[in-house]
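Undergrad: Please find one structure pasted underneath; my questions will follow.
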Amino acid sequence: MTIKAKPERKPLISLQNIQKHYGEYHALRGINLEIGEGEFFSLLGPSGCGKTTLLRTIAGFEDIDSGSVMLAGKDMMGVPANKRPTNMVFQSYAIFPHLTVAENVAFGLRKSPLSKVEKAEAAEAALNMVGLSGYGNRAAHALSGGQRQRVALARALVLKPKVLLLDEPLSALDRKMREQMQVELIKLQREVGITFILVTHDQEEALVMSDRIAVMFEGEIAQCDDPEVLYRRPKTKRVADFIGVMNFLPATCRHEGGKKIVNIVGLGETEITEEQCPEGFPEGAATVGFRPETLTILYEGQTPTHREAPAMIEEVVYYGDMTYYDVKFDGVDTPVRLSMRNLFGRDVLEVGTRARISWSPGALVVFG
Ligand code: ATP
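For reference, each letter of the sequence shown is one residue, going 1 to 368 in UniProt numbering.
Below is the structure:
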């Protein structure tokens, strides 16, 4: 079944049953996906899941075994990479250190029929887009990592592609610079309005930047959704575990007079709704998943807003703004992780402290 573009977006890219082998290895196993006009789309997954191969397939750098790639309504079969309305920004910056910034950007236009003056103007316009206006005459080797990344972006944008393909463009930057470039990339994408497809193995990066994310495992799309849906309603345990931290506890499920009841080891019984069971309501043994921030330690005098269970604090990790606690509910062997904001005046609790934990039945996800 094809994963459709959102109804409010015109489909720009349509991939039908893409199959790709490298020798014996089945790298892409039937990808059926639409990506919309002006969408910021991410391909997310562990190393080797096929995300770069899929990106290169869209770009025209890979020969596929079968399937079709349509871009802006045209079949791309036999259309070489340089004739496609796409452009790629590579992982390694691949900018020429001996050229100036402007020459690097204009390099993208070397085969264009534009005049020299027009090329210079186009290069300056692209540099302006990435916040490097006035840097044209600088030597490329004299730039910082972040600035070099921007030059690489400008070089890809100067050709005015319909789709910009980004393969881990920020992976070489340090954390601060990466976070800054993430925000700049989102802004840039909104300004230019073209479709961006980002390959990343960094789930935080995908959550921050994307309109939609496709999570891939072993050459297949396991789930494709908005960041919030993906985080709150992962369809499988594997997706849940890959996106952020998810605690799992064993449970049993049963119907009772039209109600769906789960009995969670250590926490007791609660009713759940249809949408909390992405794989359908499993009767009998099941697993319940919940995020660390859906659990709260109750301080003295606090009453739970949801349900309450006693536990022991087993591990404390202090992060300045947050503290992570690993706690064991009474009668449960596996510790679960919870996160608390360090509000002013609130003590960080010590290992070995008994605590009351508030948990919210509405935040649970039940897997078969
Ligand atoms: P990473 O994040 O590590 O780049 P990825 O998800 O982008 O991983 P791909 O580069 O698409 O993964 O590779 C998918 C699989 O295909 C991997 O197992 C890889 O080893 C294999 N593969 C990729 N390119 C080739 C090639 N040219 N020849 C043989 N096998 C390849």
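Even glycine gets a Cβ: it sits at the ideal position worked out from N, Cα and C. The structure displayed is predicted, hence computed values, not measured ones.
Measure from the alpha carbon of F3 to the alpha carbon of each residue in R212, I297, A126, K74, then state which is nearest.
TA: Numbered from 1 along the sequence shown, position 3 holds the residue referred to as residue 3. One point to set straight first is that residue 3 is Ile, not Phe, in the sequence displayed. Measuring from the Cα of I3, the nearest candidate turns out to be R212.
Undergrad: Ends of the alpha helix (DSSP H) at K259?
TA: Stepping through the sequence shown from its first residue, residue 259 is reached at position 259. Where K259 is concerned, there is no enclosing alpha helix (DSSP H), although the beta strand (DSSP E) it sits in stretches over 259-264.
Undergrad: Measuring CB atoms only, is the segment 120-139 touching the segment 40-47, in the sense that at least three cross pairs come out at less than 8 Å?
TA: Contact fails: fewer than three Cβ-Cβ distances are below 8 Å.
Undergrad: Please determine whether the Cβ atom of V199 lies at a distance below 7 Å from any heavy atom of the ligand ATP.
TA: The residue given as residue 199 occupies position 199 in the sequence shown. Yes, the Cβ of V199 comes within 7 Å of a heavy atom of the ligand ATP.
Undergrad: Quick check: what's the CA-CA separation for G146 versus Q203?
TA: Stepping through the sequence shown from its first residue, residue 146 is reached at position 146. Stepping through the sequence shown from its first residue, residue 203 is reached at position 203. Going by the C-alpha atoms only, they are around 21 Å apart.
Undergrad: Please say whether M76 and D167 have beta carbons closer to each other than 8 Å?
TA: Here residue 167 refers to the residue found at position 167 when the sequence shown is read from its first residue. Here residue 76 refers to the residue found at position 76 when the sequence shown is read from its first residue. Taking 8 Å as the Cβ cut-off, D167 and M76 do not qualify as a contacting pair.
Undergrad: Quick one: grab the DSSP three-state call for I213.
TA: In the sequence shown, counting from the first residue as 1, residue 213 sits at position 213. Strand at I213.
Undergrad: Which parts of the segment 310-366 are runs of the beta strand (DSSP E), unbroken and 3 residues or longer, counting only runs that do not cross its ends?
TA: The qualifying runs are 322-329, 336-341, 354-359.
Undergrad: Check the C-beta distance from K20 over to V199 and give it rounded, since I have them as a contact under 8 Å.
TA: Mapped onto the sequence shown, residue 20 falls at position 20. Mapped onto the sequence shown, residue 199 falls at position 199. Contact doesn't hold; Cβ gap of about 15 Å is too wide.
Undergrad: Could you tell me how far apart the beta carbons of residue 380 and R356 are, in whole angstroms, since I believe they sit closer than 8 Å?
TA: Residue 380 lies beyond the range of the chain shown here (1 to 368); nothing can be said about it.
Undergrad: Between N342, V351, V332, L249, which has its C-alpha nearest G320's C-alpha?
TA: To locate residue 320, count along the sequence shown from 1; it is residue 320. The option with the nearest alpha carbon to G320 is N342.
Undergrad: Starting from Q147, trace the alpha helix (DSSP H) both ways and give me its first and last residue.
TA: Taking the first residue of the sequence shown as position 1, residue 147 is located at position 147. Looking at the DSSP string, the run of the alpha helix (DSSP H) that includes Q147 is 145-157.
Undergrad: Which residue from V316, V317, E300, I261 puts its Cα closest to that of F281?
TA: As a working note, residue 281 is residue 281 in the sequence shown. Looking at the Cα atoms, I261 is the closest of the given residues.
Undergrad: Could you pull out every residue in the same chain whose Cβ sits closer than 7 Å to the Cβ of P304, ignoring the five residues on either side in sequence?
TA: Your numbering for residue 304 matches position 304 in the sequence shown. Result list for P304: L298, S358, in chain order.
Undergrad: Taking C-alpha atoms, which residue in L109, A240, V192, K176 lies nearest to R155?
TA: Here residue 155 corresponds to residue number 155 of the sequence shown, with the count starting at 1. Nearest of L109, A240, V192, K176 to R155, Cα basis: L109.
Undergrad: DSSP state of A81, grouped into three classes?
TA: Taking the sequence shown and counting its residues from 1, one reaches residue 81 at position 81. The answer is helix: DSSP assigns A81 an H, G or I state.
Undergrad: Cutting at 6 Å between CB atoms, please list the residues of its own chain near L132, excluding the five before and the five after it.
TA: Your numbering for residue 132 matches position 132 in the sequence shown. Here the set comprises R150.
Undergrad: Between V288 and I264, which are expected to be in contact by the criterion C-beta below 8 Å, what is the C-beta distance as a whole number of angstroms?
TA: Position 288 of the sequence shown, counting from 1, holds the residue named residue 288. Position 264 of the sequence shown, counting from 1, holds the residue named residue 264. So it is a contact: roughly 5 Å between Cβ atoms.
Undergrad: Taking the alpha-carbon of T57 as reference, which of E274, S144, L165 has the nearest alpha-carbon?
TA: For the purposes of this step, residue 57 is taken as residue 57 along the sequence shown, with counting starting at 1. Among E274, S144, L165, the Cα nearest to that of T57 belongs to L165.
Undergrad: Does the beta-carbon of Y22 have 16 or more other beta-carbons within 10 angstroms, so that it is buried, or is it exposed?
TA: In the sequence shown, the residue the question calls residue 22 occupies position 22. It is exposed - the Cβ of Y22 has fewer than 16 other Cβ atoms within 10 Å.
Undergrad: Comparing C-alpha positions only, which one of I313, D347, Y318 sits nearest to V332?
TA: Within the sequence shown, the letter at position 332 stands for residue 332. Residue I313 is the option with its Cα nearest to V332.
Undergrad: Looking only at its chain, what residues have a beta carbon closer than 8 Å to the beta carbon of E191, apart from the 5 residues adjacent to it on each side?
TA: As a first step, residue 191 must be located in the sequence shown, where it is residue number 191. Cβ neighbours of E191 beyond the five flanking positions: M129.
Undergrad: At a threshold of 7 Å, does G60 count as lining the ligand ATP (C-beta to nearest heavy atom)?
TA: Here the question's residue 60 lines up with position 60 in the sequence shown. No; taking the cut-off as 7 Å, the Cβ of G60 has no heavy atom of the ligand ATP nearer than that.
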